[in-house]
Amino acid sequence: MDRSRRIVLKGAGATGALAAALAAGLLRPGVAAAAWNKAAFDAKTTADAMKALGYAGAVESKDIQIRAPEIAENGAVVPIDITSNIPGTTSISVFIEKNPFPYTGTFDVSQGALPFVHLRAKIGESSPVRVVVTAGGKHFTAAKEVKVTIGGCGG
Amino acid sequence: MADPMKIRASLQGDVADVRVLMAHPMETGQRKDASGNVVPQHFIQTITAQLNGKPVFGADISQAISRNPVFAFKVKGAKAGDKLSITWIDNKGDKRTDEVVVGGG
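Heads up: the protein sequence lines correspond to chains A and B, in order. With the first letter of the first sequence counted as 1, position 64 gets the number 64 in our numbering; the numbers rise by one all the way through. With the first letter of the second sequence counted as 1, position 61 gets the number 1061 in our numbering; the numbers rise by one all the way through.
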């Protein structure tokens, strides 16, 4: 292995990352414009979290595809794929209803990303995974049950 | 600073298929260590992604995301050679940014 080449690469990587960090710091108020919604993240039920996010009254939709295992062997890492076929989708939110704090996150796809996201979540016990899609200012929802044999929370 | 992210951005037509692995403990604040003390919360809260400096994807997440988080998303209108950068910020204010070239090896 050519050592000098490695050092050059490493150096380039570090300066690149620094420049990007500066740019990100300056440009940040774009995506995820709303501040991290503490009230929603602290909510202990999906209903309360949805209320805090303004998602109350979301309409059931068949145009949201949730791909997750029927039975998760390891609740600490449950892969979830979500695709929205609703035109004008701007964000995708995930709630794991039986977790101590159900609201797991919101993914903003309004600025040039396709209405798709893959994530891996901890699921403490068998629970519906509820998804809320925002499209054109309206909210749509769907859910999929995931059975967990070994919990993801606690030690 | 935390370990670098592993980012892959492969091009399919004009869509960049992005996968990212972040090195982070994602402590929930519910777990106890060997001596019975609660391990304090430590988790990534916000993620932003930019294509050539323009925001394209963002996320607000909770501690329920798995340790060493993996995400995938798809960015429209990308071409080979574009620069994709991802930044995360955690609840202690730590942050990290990494960048890759779209379609690069």
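A virtual CB, placed ideally from N, CA and C, is assigned to each residue, including glycine.
The Cβ-Cβ distance between A1016/B and A1078/B falls below 9 Å. DSSP places D1060/B within a strand segment (E or B) once states are collapsed to three. Contact note: D63/A does not reach chain B at a C-beta cutoff of 9 Å; the least C-beta distance is about 17 Å.
Per DSSP, reduced to three states, the secondary structure at K1076/B is coil, with no helix or strand assignment. The beta carbon of F1057/B sits closer than 6 Å to the beta carbons of A1049 and F1073 from its chain, once the five residues preceding and following it are set aside; these are given in chain order. In summary, T45/A is exposed, with fewer than 16 beta-carbon neighbours lying within 10 Å of its beta-carbon over all protein chains present. With a threshold of 9 Å between beta carbons, R1008/B makes no contact with chain A.
Within 9 Å of the CB of K1092/B, no CB atom of chain A is found; the nearest one sits about 13 Å away. Contact annotation: the segment 110-129 of chain A does not touch the segment 1080-1093 of chain B, with fewer than three C-beta pairs closer than 8 Å. Looking at F95/A, V146/A, A40/A and S110/A, the one whose alpha-carbon comes closest to that of P1055/B is S110/A.
Annotated three-state conformation of D63/A is coil, per DSSP. The C-beta distance from F140/A to I64/A rounds to 6 Å, short enough to meet the 8 Å contact threshold. F41/A and V1075/B have their C-alpha atoms spaced approximately 27 Å apart. H1024/B is not bridged by DSSP to any residue. By the C-beta density criterion, I66/A is buried, having at least 16 other C-beta atoms within 10 angstroms. Annotation: I1007/B to V1102/B spans about 10 Å, alpha carbon to alpha carbon.
The alpha carbon of R1031/B has as its nearest neighbour, out of A1023/B, H1042/B and H1024/B, the alpha carbon of H1042/B. Taking all protein chains shown into account, S1010/B has fewer than 16 neighbouring C-beta atoms within 10 Å of its C-beta and is therefore exposed. Boundaries of the alpha helix (DSSP H) harbouring A39/A: K38 to D42, taken from the DSSP string.
Between the alpha carbons of A142/A and D1014/B lies a gap of roughly 29 Å.
When the beta-carbon positions are compared, V133/A and I96/A stay at least 9 Å from each other. Straight across, the Cα-Cα distance linking T83/A with V1039/B is about 35 Å. Per the C-alpha coordinates, the member of E73/A, P102/A, T89/A and G88/A positioned closest to D48/A is P102/A. CA-CA distance, N74/A to S126/A, rounds to 11 Å. For A49/A, the three-state secondary structure derived from DSSP is helix.
The DSSP-derived three-state label of Y55/A is coil.
Within its own chain, the residues whose Cβ lies closer than 8 Å to the Cβ of S61/A, once the five positions on either side in sequence are excluded, are I86, V133, F140, T141 and A142, listed in chain order. Going by beta carbons, I92/A and T149/A fall outside the 9 Å limit.
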